[in-house]
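Student: Just so you know, we're using the working numbering here: the sequence shown kicks off at 15 and counts up by one.
Submitted below is the structure of interest, expressed as structure tokens.
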Amino acid sequence: MARYFFHTRDGEKADIDDEGIDLPDDKAATNAAKELLSAMTTEKLPNGDHMAISVTVLNAQGAEIYIAKLTLDGH
């Protein structure tokens with residue numbers, strides 16, 4: 015098992031994951047990031063016509079291994 019950290023950004027607000035979680039491999043961490051991004055979209059409705067959220071996954075060495083982003087731009 016390896017430790018992965020999931021930093022999230024919701025507009026201007028960033029949350030840094032200092033604890034991380036143990037997962038079997040990078041693929042499991044990537045899947046967890048997608049699930050977290052999906053959960054974030056259902057928790058927060060867009061404020062107006064724009065919304066930008068993201069999840070950045072870092073491994074135990076601090077290397078960025080995956081970024082999941084969702085942007086909504088309405089006209």
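Heads up, the beta-carbon is just placed ideally off N, CA and C, and yes, glycines get one too.
Nothing here was measured: the structure is a model prediction, and the numbers come from that model.
Checking contacts by CB at 8 Å: is Q75 closer than that to chain B?
Tutor: In the structure shown, chain B cannot be found, because there is only a single protein chain.
Student: Near A47, which residues of its chain fall below 7 Å by C-beta distance, leaving aside the five closest residues on each side in sequence?
Tutor: Taking the first residue of the sequence shown as position 1, residue 47 is located at position 33. Excluding positions up to five away in sequence, the list reads F20, V69, V71, Y80, A82.
Student: Quick one: using the 10 Å Cβ neighbour count with 16 as the cut-off for buried, is A43 buried or exposed?
Tutor: Within the sequence shown, residue 43 is the residue found at index 29, counting from 1. A43 comes out buried.
Student: To the nearest angstrom, how far is the alpha carbon of H64 from that of M54?
Tutor: Here the question's residue 64 lines up with position 50 in the sequence shown. Here the question's residue 54 lines up with position 40 in the sequence shown. Approximately 15 Å, taken between the alpha carbons.
Student: With distances taken from CA atoms, which of I30, T22, R17, A28 is nearest K41?
Tutor: Within the sequence shown, numbered from 1, the residue matching residue 41 stands at position 27. The candidate whose alpha carbon is nearest that of K41 is R17.
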